[in-house]
């Protein structure tokens, strides 16, 4: 795996990081905690449906790691394994950027928040939901 550049954005007490393969620097906000949990969001292109629309999967997977970099390393390895596990001749394409979310301290428990992200929009709650989720909802070919 290439050395990663992490761009951190802190919103309230929530840490969300974006990773890309473009630099040798590590964020000065990298947290070192042997018991830390990170949720990593990865996008995959599965291919196209019969109508020619791209089929994209968004997956969020949790990893226990002592730092963002260790979590991203685990996530990259898991993403590469997942991308070839689809049982098709052509592997899924992985989007080069992954986002992480540093979970609240402690072990995962029932009801533990694994992802939280804020959005600013002129849309109403219903419009936002429609445009972000319903508009692109996957419907398998009959």
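In my numbering, the protein residues as written are 1296 to 1437. Idealized CB from N, CA, C, for every residue including glycine. Small disclaimer: the values here were computed from a predicted structure and weren't measured.
Which residue wins for smallest C-alpha separation from residue 1330, given the options 1356, 1403 and 1426? Comparing Cα-Cα distances from residue 1330 to each of 1356, 1403 and 1426, the minimum goes to 1403.
Which of helix, strand or coil DSSP assigns to residue 1409: Looking at residue 1409 - three-state DSSP - the assignment turns out to be coil, as it is neither helix nor strand.
Determine the DSSP secondary structure at residue 1357, reduced to helix, strand or coil. Shown here, residue 1357 sits in a strand according to DSSP, grouped into three states.
Which of the three DSSP states, helix, strand or coil, is assigned to residue 1379? If DSSP states are grouped into helix, strand and coil, residue 1379 belongs with coil.
Mind reading off the beta-carbon distance from residue 1432 to residue 1426? Whole number of angstroms is fine, and I expect it under 8 Å. Actually they are not in contact, since the Cβ atoms of residue 1432 and residue 1426 sit about 11 Å apart, beyond 8 Å.
Could you check the C-alpha separation between residue 1430 and residue 1421 for me, to the nearest Å? Using only the alpha carbons, I get a separation of about 12 Å.
Following the continuous beta strand (DSSP E) through residue 1339, name the residue where it begins and the one where it ends. Start and end: 1332-1343.
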